[in-house]
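For reference, the structure is listed below as structure tokens.
There are 2 protein chains.
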Amino acid sequence: MAQTQDKIDELAINTIRTLSIDAIQKANSGHPGTAMDAAPVAYTLWQQFLRYDPKTPHWINRDRFVLSSGHASMLLYSLIHLAGIKAADTAYQKQDGDAVTLADIESFREDGSRCPGHPEYGWTTGVESTTGPLGQGIATSVGMAMAGKWLAATYNKPDFELFDYNVYALCGEGCLMEGVGSEAASVAGHLKLSNLCWIFDNNNVTIDGHTNITFTEDVAKRFEAYGWHVVQVEDANDIEALAGALNEFLATDDAPTIIVVHSHIGYGSPEKHDTPSAHGEPLGPEEVRRTKEFLGFDPDKVFVVPEGVRKHFASHMGRRGADARAKWDALFAEYGRAHPDEAKQIALIGGRDLPEGWDADIPTFDADATGIATREASGKVLNAIAAKVPWIVGGAADVAGSTKVILDYPDAGEFQPYGELGDYSGNNLRYGIREHAMCALVNGMVLSGLRAYDSCYLIFTDYARGAIRLASLMDLPVLHIWTHDSISLGQDGPTHQPVEQLASLRAMPGLVVIRPADANETAEAYRLVLPHKNRPVALVLTRQAVPIFDRSTYAPASGVAKGAYVLADAPDGKPDVILIGTGSEVALCVAARDLLAKDNIAARVVSMPCRELFEEQPEDYRNAVLPPEIAARVTVEEASPLGWDRYAGAGGIVLGMNTFGLSAPLKVVSEHFGFTPEKVAEAAKRTLGR
Amino acid sequence: MAQTQDKIDELAINTIRTLSIDAIQKANSGHPGTAMDAAPVAYTLWQQFLRYDPKTPHWINRDRFVLSSGHASMLLYSLIHLAGIKAADTAYQKQDGDAVTLADIESFREDGSRCPGHPEYGWTTGVESTTGPLGQGIATSVGMAMAGKWLAATYNKPDFELFDYNVYALCGEGCLMEGVGSEAASVAGHLKLSNLCWIFDNNNVTIDGHTNITFTEDVAKRFEAYGWHVVQVEDANDIEALAGALNEFLATDDAPTIIVVHSHIGYGSPEKHDTPSAHGEPLGPEEVRRTKEFLGFDPDKVFVVPEGVRKHFASHMGRRGADARAKWDALFAEYGRAHPDEAKQIALIGGRDLPEGWDADIPTFDADATGIATREASGKVLNAIAAKVPWIVGGAADVAGSTKVILDYPDAGEFQPYGELGDYSGNNLRYGIREHAMCALVNGMVLSGLRAYDSCYLIFTDYARGAIRLASLMDLPVLHIWTHDSISLGQDGPTHQPVEQLASLRAMPGLVVIRPADANETAEAYRLVLPHKNRPVALVLTRQAVPIFDRSTYAPASGVAKGAYVLADAPDGKPDVILIGTGSEVALCVAARDLLAKDNIAARVVSMPCRELFEEQPEDYRNAVLPPEIAARVTVEEASPLGWDRYAGAGGIVLGMNTFGLSAPLKVVSEHFGFTPEKVAEAAKRTLGR
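Here the protein sequences line up with chains P and L, keeping their order.
Here our numbering is used: the first residue of the first sequence is 115, the next is one more, and so on.
Here our numbering is used: the first residue of the second sequence is 115, the next is one more, and so on.
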């Protein structure tokens, strides 16, 4: 193989390799192969190209590097360490020492180390996105690049090229086999994201063997078909060729670029290079020695950073980054004088803050027995807020008209490459029929400061769980807007009727799932969640109209903030039975309450739009809403009963869906599965033994 | 547009169109656009090519047609009706009249109609797979084609070309945007599935608008990159060109074929053709009239099947299919004499039956305090069974070595195109890092009679839920083998540690989720589920070793069949407290029981490998296992607590995971989250107020 690099470059590259194999060997767990083969690639990118100030990791115009091959985490940790990136907390405010110390590397994959098995955003500064689940990193990088284009189109002014960052993602075969990667690549090509560069570490080996057993497509041609610029690098160790390819990316202004780098997994290991065992197992003590010998390192020493390596990083990547950032700071200061409003917005974006008065125009909805669908209410509220927060961007997976997420305030445009259809400053995104990539793109945009939302029918969140989970794991303030939330969507039938999705989403740590009962609960939900800086939220909304409750009779919708509240009570506050509903089923409970009243049964109706928030309330509040002494309870939700025993208790009845749905008009479906006031009242009577 | 078809062809095509628009108009719900534009395509395929005997829809060598654009269901229902396909039940044994009557069409999207909103396998004969969620149909069709290749390679003999069926799938832009479609296309190209033909109805319109807003890739080039043969048809109404393209598919023997058909959504509707509103809304009464006029139909009449149309279908598709099937029956009879064993196998395949003695070699495992991982046990049991059931095929998403699903009995080979790596008779499939397609391929293979399994880490079922759900919805006996089932996988950390997946899967109707506690429960699980003909099963297995219980001391593992059973009890059968565990946590409960015994607390340990099966037991059995009078209960599962209150009750404690996991060695992880015998014992004491 070509060894065109200088001595110090070679030393630095091999330091990355040896740190990686030492850490993995000591942990006796990890993935050395990619860290070893891709070290020159990542090194060249960081040293010669990445505009990143190690002392200011929160700089908003920094280039982003996403390690989509998250299993090669030691590659990234080695880089962060050698580059001397400083630690900052999640909110990027506080700095305290090195992001990754040598001690962290020595305790790779141990509790407390900043070097967990896979890179975790918010835990280790320098990690731009949590990766590991394949395909997610590259898809997320597309969102980051979209945000870059949006920020540039929105805030750059003549003489103020504030935003011009590039986004790099390193991936392997796995990322390119995963569908989410394909979806994202198609979007990036359509959008002509010239600020996006994927580097494909083409080592031809996966866990189960050579890629010839399953992955023989022509990747370069596929990306050309997506509209990408494709560059080939024949030898991963040829850093001149790598630099040439990266310069070609920089020179390409009308398409994203993929650099296909041909490499040898486990490079440096005499026995294991080019073998699947290099992928996911430590090399073994003997092979570590042999590898170090091959790389010119002392086989008797571990965790060695040779003299000059850190300095070399500092004098190239570090200096370039610091210079660029300082220049930018000066530019931004000047920008603040010329364009104070925009500068203020940029500051808010950096802090995940909202402008004052963001909620001033949130509508309230008049009581109405027929009512409107909560998706309709959502559309109105979303627009009222978005008009005040210009960096709210979003769209749907080809159902924007149906999920009511089109932004139609005067300045909201279409996000498209410059042309007839729109430009990069548009707020309306068109994700296409690509739910999984959609949610990953949103993660990338939110990681870049935008308040981005995704939207689709609740059922198709099944397609996107990989990315939805990462938003939760990263504590991102993502807004999911999911409609057609139950069997009551009617005629589209069981393929489209969610049943298990609500339980599935509630089981996910960190995700706040809100299913509002009417238009005003919908408005309150938005009011509540927008200020969140670290919690993803799923709004789960109806297709069909639901009554708008008369809040002069019933309790105010602000109860949403507590997750559950008493909407309607027994006249003396001492109900015989409690009816607990969510979303559209709250109206059903209210109707059942009226029926029960005719039989002199006093029912309390509890609207429980959000279990997560309810569980966070103090015990006395929870007991006030659901007094333990009242065992007669009925829970009503057109979804899997899983989890409802918690609130129904042993004496209660859970009305839910134990089967898939049915294709028929709404009323027929409701009757068929027993979601009628009569059935709810009947269940209430059963719990009372009447 | 070219109108090269004969008068009767045109009449038949327009009958499909008018039946579709009438049904959708009457239901006031549905998707006319694709049914109208793709009618000539589907018609040409069915009339001139499809080898399908309408009277014998269960013929194992029939060509398959999958409507991947499931929303265009009326297109398929019209074809089934006009072709005169006879009804058969799910098991394809019983026949009783027409699969789709005109009355069914007239009650499209109503309860009881054989024409639900989207096509449902098992409900409507002629529907080869449930479709609607986009991308699933095409991905499933790849599995069907794989099964065809496997059946041919395994059972065809000189002079006996028993299996040579082709698989056709009709799809639109949506299917090609979805990642699952991309994954499946890559697999099909790698496998050179020359019996597979996708027809891409390229009408350039989706729900939200023209595809130029989001889908501008070069589809033809992308498929060439996958190794597909690509044919273009410039005009969907040109049935000569369509026939030419289909003949080109038949002549291609080294690759799958995609035919790109350029069409106009809503063709025939003067106002709505080429518009998004034709996609998913009824045309409206006036436009239905105008369309009928354009198509030469009486605008005053509805649901008209002109004289001669049914006969024309019968004399072409019907006669060709019946002839082919009769010829095949004769061939198969002869085959039965020449190759009786193989013929018997084919009969078993057709009935989803197992050969006698299939379970003869299932091992039992000796008690062992260290034990083995249940994934290890699974691998041994699977191989013992597969060696007796040659049509068990399967593999993993690039983790076969790790999930222990490689078939290594002597005849098990690698499923590959003929060459050095294997051939089409192999039983080991290599899905690649494509979990979603994997599960869809399995659906397709199981729909074709094979007993196919998929396998990956439990966490990555998140990527595949779209297809997992369809297996449940179709009542398919799919076998899912999912390992690395909890935070106890250790160092890979939170991106790889499942938390919410168990609850998510249990919430899915129809899916049987089994998490065995040790090697013998694993063996019992296999014994139990293989004979299932209509239930998908998920085996959820450990990465780490778990003790093999001494069944001379503890209850036999056959208790798995009841979903939950008393593994170890109080000496007098009157426990103070019940410890309920699943999988690896059962051993934890047993250890806690020993600790409690030292404090004179008598604990019962209930192993609950399968909640679904337990819930199906009679109440007295359930009450015997979990006596209602014993309120002191602890449930232990390293997963989301969602759903466990049902068994813990108000007086019990649920030990579960309320957060994501942690990257650290197993023992550290267990300590960190409190999954130790001491903590379980402590919780038990708390429930007892001690």
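Ideal placement from N, C-alpha and C gives every residue a C-beta, glycine not left out.
Residue-chain proximity (residue i, chain L), Cβ-Cβ < 8 angstroms
| i | result |
| --- | --- |
| residue 764(P) | yes |
| residue 247(P) | yes |
| residue 759(P) | yes |
| residue 786(P) | yes |
| residue 326(P) | yes |
| residue 778(P) | yes |
| residue 117(P) | For residue 117(P), the predicted model reports a pLDDT of 43, less than 50, meaning its position is unreliable; a value from the coordinates is still stated below. Chain L contact via Cβ: absent. |
| residue 804(P) | no |
| residue 579(P) | yes |
Candidates the options, of which the one nearest residue i by Cα
| i | options | result |
| --- | --- | --- |
| residue 554(L) | 587(L), 530(L), 536(L), 721(L) | 587(L) |
| residue 329(P) | 306(L), 671(L), 743(L) | 306(L) |
| residue 310(L) | 412(L), 273(L), 370(L) | 370(L) |
| residue 347(P) | 366(P), 368(P), 316(P), 327(P) | 316(P) |
| residue 761(P) | 789(P), 796(P), 722(P) | 722(P) |
| residue 131(P) | 164(P), 196(P), 485(P) | 196(P) |
| residue 128(P) | 405(P), 773(P), 504(P) | 405(P) |
| residue 623(P) | 192(L), 780(L), 770(L), 201(L) | 770(L) |
| residue 396(P) | 170(P), 141(P), 183(P), 683(P) | 141(P) |
| residue 169(L) | 804(L), 271(L), 235(L), 434(L) | 434(L) |
| residue 754(P) | 705(P), 772(P), 748(P), 185(P) | 772(P) |
| residue 800(P) | 679(P), 177(P), 691(P), 752(P) | 691(P) |
| residue 463(L) | 670(L), 172(L), 737(L) | 172(L) |
| residue 503(P) | 421(P), 563(P), 536(P) | 563(P) |
| residue 367(L) | 222(L), 312(L), 308(L) | 308(L) |
Interface flag, residue i vs chain P, CB-CB below 8 angstroms
| i | result |
| --- | --- |
| residue 550(L) | yes |
| residue 677(L) | no |
| residue 321(L) | yes |
| residue 380(L) | no |
| residue 673(L) | no |
Pairwise C-alpha distance: residue j and residue i
| i | j | result |
| --- | --- | --- |
| residue 792(P) | residue 659(P) | 20 angstroms |
| residue 649(L) | residue 765(L) | 34 angstroms |
| residue 533(L) | residue 740(L) | 57 angstroms |
| residue 210(L) | residue 174(L) | 19 angstroms |
| residue 444(L) | residue 437(L) | 11 angstroms |
| residue 627(P) | residue 354(P) | 51 angstroms |
| residue 613(P) | residue 579(L) | 13 angstroms |
| residue 429(L) | residue 573(L) | 52 angstroms |
Endpoints, alpha helix (DSSP H) assigned at residue i
| i | result |
| --- | --- |
| residue 340(P) | 333 to 340 |
| residue 659(P) | Careful: residue 659(P) lies outside any alpha helix (DSSP H), inside the beta strand (DSSP E) at 659 to 662. |
| residue 579(L) | 579 to 587 |
| residue 393(L) | 391 to 394 |
Where the beta strand (DSSP E) containing residue i begins and where it ends
| i | result |
| --- | --- |
| residue 450(P) | It is not in any beta strand (DSSP E) - residue 450(P) instead sits in the alpha helix (DSSP H) that spans 433 to 452. |
| residue 610(L) | Segment: none, residue 610(L) is in no beta strand (DSSP E) and carries neither H nor E. |
| residue 482(L) | 482 to 487 |
| residue 693(P) | 691 to 695 |
Residue i beta carbon near the ligand FMN (any heavy atom closer than 7 angstroms)
| i | result |
| --- | --- |
| residue 160(L) | Among the components of this structure there are no ligands whatsoever, and the ligand FMN is therefore not found. |
In chain order, what residues of the region 593 to 613 of chain P put their CB closer than 9 angstroms to some CB of chain L?
604, 605, 606, 607, 608, 609, 610, 613
Quick one: which residues of the region 349 to 360 of chain L get their C-beta closer than 8 angstroms to a C-beta of chain P? List them in chain order.
none
Using a beta-carbon distance cut-off of less than 8 angstroms, what residues from the region 126 to 149 of chain P approach chain L?
141, 143, 144
Got a sec: which bits of the region 180 to 196 of chain P sit with their beta carbon under 7 angstroms from any beta carbon on chain L, in order along the chain?
184
Residues of the region 612 to 634 of chain P with Cβ closer than 7 angstroms to any Cβ of chain L, in chain order
613, 614, 617, 618, 620, 621, 622, 623
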